[in-house]
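The listed protein sequences correspond, in order, to chains A and B.
For the first sequence, this note's numbering begins at 127 and goes up steadily by one.
For the second sequence, this note's numbering begins at -12 and goes up steadily by one.
Glycine residues also receive a C-beta, built at the ideal position from the N, C-alpha and C atoms.
Notes follow the structure.
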Amino acid sequence: MSGFNKVVDSFEAALEGVEDGMTLVSGGFGLCGIPQDLINEIARRGTKNLTVVSNNCGVDEWGLGVLLVNKQVAKAISSYVGENKEFERQYLEGELELTLTPQGTLAEKLRAGGAGIPAFYTATGYGTVVAEGKDVRAFNGKKYILEESITGDFALVHAKIADHYGNCIYNATAQNFNPCAAMAGKITVVEAEEIVAPGELDPSQIHTPGIYVQRVVQSKAEKRIEFRTITEV
Amino acid sequence: MPLTREQMAERVARELQDGYYVNLGIGIPTLVANYIPDDIEVMLHSENGLLGMGPFPTEDQVDPDMVNAGKQTVTATTGASIFSSADAFAMIRGGHVDFTVLGAFEVDTQGNIASWMIPGKLVKGMGGAMDLVAGADNIIVIMTHADKHGNSKLLGECTLPLTGAGCISKVLTDLAYMEIADGAFILKETAPGVSIEDVQEKTAGKLIVPNDVVEMVFD
């Protein structure tokens, strides 16, 4: 299997080549399905001046919030940055550049970026600040704005199960932005809760085909819950 | 009397039809789920990537991998499906979601909506709100008629940064249900005990009052 065995045995090896000033695309929504071990490794390496592309930036001390606290992030492209005091502080004090991007536009920018489509028209944001400076065109009488796609030097992904080929299956809503991120990385690194031998996954159940994935590593971090809401029995 | 939050949710739920795929925004819109009639089936869409959102889990069912668009733990109903965020927004942008309910700070007579940002206050981001208003055809905005200081939220022109332009045609407030057409709010229903004059007084934008305005009825 040689060339197709993408499993590496450490987080350090998984993120070999990450350098200052790079763009990192991350899967996850809030704290759900985030690549926490890979984020921790970026924190350990101390890589600086990063651009992070992620729907949210975690909370203080967890998720991408870890990198914010370490002042490793120069620019963030996100749709929502609530629930994160350190983010707010750095943004308000001008330490951090933030490009707010509508959630669906962000997901599509990553999907399109990975699909080799450099830009696309969407009605989302027409007539708002999001449209400023962007090309506007009418199709069938409705106005759309031109949004440019995004790719990253590295994409960080969290999967439930991956095989040696990098084929991935996600669990429940931990899927979220992970398949989009996986497509958008020049080097896509998957941390998986379980790594299985080739042939163990049903090909028709794969969410992300291994062609998008360059490295696979065993994850170990706990999963945290942002808002624990319960139905009392 | 102005409608309570619960009555606003109950009134909006009357717009639901059997077989609807529905997206409910955060806040009062979420309460609409409590008033889905027993004799119809609707499926709730959560834009992080879940169609068929169920109630909050019991203590035993809690799964950190299972959350809604508000990052709260949830369950999936029978017939649910789970997909990527790109697919979740393809459903919205592609017009596949039948009915959308969301809150707002302001709505104007051009169908513009402002719901995500108040200059000078903390910017948290638009999340999926801009995608929802641009993509959905059948949207109801649900909000109070006036703000805490008594200022009308139904304007001739929104003063806050827009979430979407020309995309809103139905508004339910605690005082009235209105539609938007031809540059005006058109009064359709008033809350029980609320007079047309009350609505007129608290509506800053042009309000048309037809002859057939009815009073809402609640059990």
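As a quick exercise: from the options, pick the residue whose alpha carbon is nearest that of residue i.
i      : options                        : result
E28/B  : K189/B, E(-3)/B, Y8/B          : Y8/B
H284/A : L224/A, K349/A, V255/A         : K349/A
V256/A : G267/A, I165/A, Q229/A         : Q229/A
F155/A : P179/B, V181/B, V54/B, V84/B   : V54/B
A77/B  : G147/A, E214/A, V322/A, T248/A : T248/A
T225/A : N210/A, K268/A, V178/A         : V178/A
N21/B  : E188/B, M(-5)/B, I167/B        : M(-5)/B
I246/A : I337/A, E358/A, V262/A         : The question names Ile, but residue 246/A in the sequence shown is Phe. Selected option, being the one with the closest Cα: V262/A.
G39/B  : Q97/B, M30/B, D47/B            : M30/B
D95/B  : P179/B, T(-9)/B, D169/B        : D169/B
E93/B  : E184/B, D47/B, F205/B, C145/B  : C145/B
T231/A : G129/A, A241/A, Q216/A, T250/A : T250/A
L149/B : P51/B, M104/B, V128/B          : M104/B
Q301/A : L193/A, Y270/A, L157/A, I165/A : L157/A
S275/A : C294/A, A298/A, T227/A, E214/A : T227/A
E223/A : G66/B, V110/B, S102/B          : V110/B
I126/B : K189/B, G6/B, K157/B, I195/B   : K157/B
S71/B  : T173/A, G159/A, L218/A         : G159/A
L162/B : L147/B, A171/B, D185/B         : D185/B
Need the endpoints of the alpha helix (DSSP H) that residue i sits in, please.
i      : result
S33/B  : From DSSP, S33/B is part of no alpha helix (DSSP H) but of the beta strand (DSSP E) over 30 to 33.
F265/A : It is not in any alpha helix (DSSP H) - F265/A instead sits in the beta strand (DSSP E) that spans 262 to 265.
V186/B : 183 to 188
Y7/B   : Element bounds for Y7/B: n/a, residue is neither H nor E.
E214/A : 211 to 218
F137/A : 137 to 140
A152/B : Looking at the DSSP string, A152/B is not in any alpha helix (DSSP H), and its letter there is neither H nor E.
L18/B  : 15 to 18
By Cβ distance below 6 Å, which residues in the same chain neighbour residue i in space, the five residues on each side in sequence not counted?
i      : result
L37/B  : I69
E209/A : V185
Y164/B : K175, E176
Y296/A : A285, K286, N304, H333
N10/B  : H32, V84, T87
S182/B : none
T149/A : T177, G278, D279
V201/B : E176
Spatial neighbours of residue i within its chain, please: CB distance less than 7 Å, with the 5 preceding and 5 following residues excluded, ordered by chain position.
i      : result
A191/B : S139, L141, L142, G143
M127/A : Residue confidence is low: M127/A scores 45 on pLDDT, short of 50, so the model does not pin down where it sits. Its coordinate-derived value is still stated next. So the list reads H290, P324, once near-sequence residues are dropped.
R1/B   : none
A233/A : F303, C306
T314/A : A281, V283, A308, Y338, V339, Q340
E187/A : V195
E23/B  : Looking at the sequence shown, residue 23/B is not Glu but Ile. Closer than 7 Å at the Cβ level, and outside the excluded window around I23/B, lie A0, L3, V29.
P335/A : N293
D134/B : K140
Which same chain residues end up closer than 8 Å to residue i when comparing Cβ atoms and leaving out the 5 residues on each side of it in sequence?
i        : result
F43/B    : Q59, T60, V61, T62
D74/B    : G36
M(-12)/B : A178, P179, G180, V181
F265/A   : Y247
E167/A   : F137, E138, A140, L141
Write down the C-beta distance between residue i and residue j rounded to the nearest angstrom, noting that I regard them as a contact closer than 8 Å.
i       : j      : result
E273/A  : K235/A : 6 Å
R171/A  : V144/A : 7 Å
V207/A  : G112/B : 5 Å
V151/A  : G292/A : Actually they are not in contact, since the Cβ atoms of V151/A and G292/A sit about 16 Å apart, beyond 8 Å.
S345/A  : D163/A : 5 Å
I155/B  : I100/B : 5 Å
I82/B   : G107/B : Per the sequence shown, residue 82/B should be read as Gly rather than Ile. The Cβ separation is near 35 Å, so there is no contact.
A288/A  : A318/A : 4 Å
R(-2)/B : L119/B : At roughly 20 Å, the Cβ-Cβ gap does not stay under 8 Å, so R(-2)/B and L119/B are not in contact.
H132/B  : K189/B : 5 Å
Over what stretch of residues does the beta strand (DSSP E) that includes residue i continue unbroken?
i        : result
T64/B    : 63 to 69
M(-12)/B : Looking at the DSSP string, M(-12)/B is not in any beta strand (DSSP E), and its letter there is neither H nor E.
V120/B   : Per DSSP, V120/B belongs to no beta strand (DSSP E); it is in the alpha helix (DSSP H), 116 to 122.
I126/B   : 126 to 129
E221/A   : Where E221/A is concerned, there is no enclosing beta strand (DSSP E), given that its DSSP letter is neither H nor E.
F172/B   : 171 to 177
A191/B   : Segment: none, A191/B is in no beta strand (DSSP E) and carries neither H nor E.
V200/B   : Per DSSP, V200/B belongs to no beta strand (DSSP E) and is neither H nor E.
S204/A   : 199 to 204
Taking 8 Å as the line, does the beta carbon of residue i fall inside it for any heavy atom of the ligand MN?
i      : result
I183/B : In the structure on display, the ligand MN does not appear, and there are no ligands present to speak of.
Curious, which full-length alpha helix (DSSP H) runs of at least 4 residues does the region 224 to 258 of chain A contain? 229 to 240
List, from N- to C-terminal side, the beta strand (DSSP E) runs of 3 residues or more that fit wholly inside the region 290 to 353 of chain A. 311 to 322, 341 to 344
Segments of 3+ residues assigned as beta strand (DSSP E) that fall wholly inside the region 142 to 195 of chain A: 149 to 152, 176 to 179
Would you list, in sequence order, the uninterrupted beta strand (DSSP E) runs of no fewer than 3 residues that lie entirely inside the region 41 to 114 of chain B? 63 to 69, 86 to 89, 93 to 95
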